[in-house]
């Protein structure tokens, strides 16, 4: 575990350095925090950048007594746990550039250990080429470890990021896995490898879309869709629930929320519009990695 | 029950007529909806008014099989339930005018029946006189029925609208009660009486504050505080959970969310500012009705 903790710290450094360069202007600020029950973390947030309206990259290593609220839902037995990982959420200012989320974590409870995480893409304007690139990059990272993982994790992602009350997915998906158990070193190698696949999966999309023009209409739609992002994170997300119920630092957990959000009563996109095309895809997830 | 259903419909009419007059410009639009499992409702929403950025007044009367997810949390026994009520959330455009929420409902399951509801005020600038007026008006309505209710419901309100992860209340409170059982006619009379107390509790506050000037600073703070409102409704609110898990109409349930919202990482008001004074009160609820 100790080695992975260091690798996760290092992943946070790597990511924030690359994201600052990508943004081209703003810098991350850093807040270290301690968890009352044991452990702590380091939150890095960049706001008001040239590219990112908000970008957050969180490292944490927490441990201690298993919180009562979680005892029944965690694999393994025993009343001690530990968890380490990196999570990030990037909210670009331009609606032409998708929001992205990724998470890489390892947990232990008693003799049991497992990994969880994934990465998923939330566009406001659908560029099919981007969805394909994102999925294929993640698929390649999975395939290097187990040929069965990508199809399984892709499906789990579609299931996990599903807003039941809206009948739609949060975005075009990616991969998601949780409670993945097996030979510890092999799983750690996969986690680190996946962490390294994040930038190659996302950066080319940013580079292709950041220069595109947009207007009030696209910005408004982005803010309405960000509302769905908030709904998902607060109503369904296990990571958010885990963080809040283990007395995690609230600002570090909720840095995932978008900076500026709209709710419009009964919003419906115009038939045949780009917004309607995106929604059609969100209502019926596609097999991006397989499409040509 | 049938008579109360009609009274609730009538309360919706009364409220929307009065709120349109108060707004002075915009009109409510109406959407009737049916619930797949039985019953339905009528949602009225006004957006972009002179006073209200969004106002929603919902009537519903739903019934049918007790949803599995709720069975353990509802009083009574038996697999059929029915519920009727009115709920409203008013989000003024001006940060000088507080947001308000109210709800009046009656439920039945098997032989058991109970009422629930209340009203609570969420200011963005603290005018102590307003908090006192709001609480005293609700206290008077309670006192006409049972002298023990206001102190009890006031405390329940402070407890219910508490954001544990922020260590603060949603607003300056009001009253809240749930699962209140007793002689059915008496409870219905209280519910109707409380419905009639809403406008006298809120309207004078609007009239006093709607003409006040404000700037970017107050508006920004309002949007950040609205973020807390969203957090409460999606993380904690029983009514939202009840609606979404009984296949209620999503747009009617989530009309409670504010129209435009901000999340700022680690937002802290300047010491000694009006924003800091409000926060101090939210962190430590006061006995408004008793203060002179």
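Protein chains in written order, with our numbering: chain S, 1062 to 1353; chain V, 1062 to 1353.
We treat Cβ as the ideally placed atom computed from N, Cα and C, and that holds for glycine.
query: Reference residue 1321 (chain S); option with closest CA among S:1332, S:1329, S:1314 and S:1290; result: S:1290
query: Backbone CA spacing between residue 1263 (chain V) and residue 1100 (chain V) [nearest angstrom]; result: 31 Å
query: Nearest-angstrom beta carbon gap, residue 1113 (chain V) and residue 1151 (chain V) [assumed within contact, 8 Å]; result: 6 Å
query: Of the listed residues S:1097, S:1110, S:1109 and S:1090, nearest to residue 1103 (chain S) (C-alpha basis); result: S:1090
query: Meets three-Cβ-pair contact criterion under 8 Å: the region 1153-1165 of chain S and the region 1121-1138 of chain S; result: no
query: At least 3 beta-carbon pairs within less than 8 Å: the region 1170-1186 of chain V vs the region 1139-1148 of chain V; result: yes
query: Alpha helix (DSSP H) segment containing residue 1308 (chain V), residue limits; result: First-last for residue 1308 (chain V): undefined, no H or E at that position.
query: Partners in chain S for residue 1311 (chain V), counting only beta-carbon separations shorter than 7 Å; result: 1226 and 1227
query: Contact check, residue 1309 (chain V) vs residue 1240 (chain V), beta carbons under 8 Å; result: no
query: Residues that residue 1119 (chain V) bridges to, as DSSP identifies them; result: V:1104 and V:1148
query: Within-8 Å CB hit, residue 1384 (chain S) to chain V; result: Outside the modelled stretch of chain S, which goes from 1062 to 1353, sits residue 1384 (chain S), for which no answer is possible.
query: Stretch pair the region 1219-1230 of chain S + the region 1335-1351 of chain S: three plus CB contacts closer than 8 Å; result: yes
query: Entirely enclosed alpha helix (DSSP H) segments - the region 1260-1333 of chain S, minimum 4 residues; result: 1277-1296, 1299-1306 and 1311-1314
query: Paired residues, beta bridge with residue 1168 (chain S) - DSSP; result: S:1144 and S:1175
query: Option nearest residue 1202 (chain S) by Cα separation, candidates S:1070, S:1179 and S:1075; result: S:1179
query: As assigned by DSSP and simplified to three states, the class of residue 1257 (chain S); result: helix
query: Proximal residues, the region 1100-1126 of chain V versus chain S, C-beta separation under 8 Å; result: 1106, 1108, 1115 and 1117
query: 8 Å contact criterion, which residue 1306 (chain V) and residue 1130 (chain V) should meet: CB distance rounded; result: 5 Å
query: Residue 1304 (chain S) versus residue 1094 (chain S): straight-line alpha-carbon distance, rounded; result: 13 Å
query: Start-to-end residues for the beta strand (DSSP E) that takes in residue 1349 (chain V); result: Taken as a continuous stretch (DSSP letters only), residue 1349 (chain V) belongs to no beta strand (DSSP E), as it is neither H nor E.
query: Expected contact under 8 Å - CB spacing of residue 1196 (chain V) and residue 1235 (chain V) to nearest Å; result: 7 Å
query: Residues bridged to residue 1163 (chain V) (per DSSP); result: V:1149 and V:1180
query: Straight-line Cα distance separating residue 1330 (chain V) from residue 1213 (chain S); result: 46 Å
query: Residue-chain proximity (residue 1315 (chain S), chain V), Cβ-Cβ < 8 Å; result: yes
query: Bridge-paired residues (DSSP) for residue 1126 (chain S); result: S:1141
query: Simplified DSSP assignment, three categories, for residue 1240 (chain V); result: strand
query: Residues that DSSP places opposite residue 1094 (chain V) in a beta bridge; result: V:1102
query: Within chain V, partners of residue 1320 (chain S) - CB distance below 9 Å; result: 1323, 1324, 1325 and 1326
query: Proximal residues, the region 1279-1300 of chain S versus chain V, C-beta separation under 7 Å; result: 1291, 1292, 1295 and 1296
query: Neighbourhood of residue 1072 (chain S) by C-beta distance below 6 Å, restricted to the same chain and skipping five residues each side; result: 1147 and 1256
query: Among V:1155, V:1109 and V:1066, nearest to residue 1266 (chain V) - alpha-carbon criterion; result: V:1155
query: Test: residue 1305 (chain S) CB closer than 8 Å to a CB of chain V; result: yes
query: Own chain partners of residue 1313 (chain S) with C-beta closer than 6 Å, once the 5 adjacent residues on each side are dropped; result: 1104 and 1119
query: Residue 1111 (chain S), buried or exposed, once every other Cβ within 10 Å from all chains shown has been counted against 16; result: exposed
query: Partners in chain V for residue 1092 (chain S), counting only beta-carbon separations shorter than 8 Å; result: 1327
query: Environment of residue 1097 (chain S) [buried if 16+ CB atoms lie within 10 Å]; result: exposed
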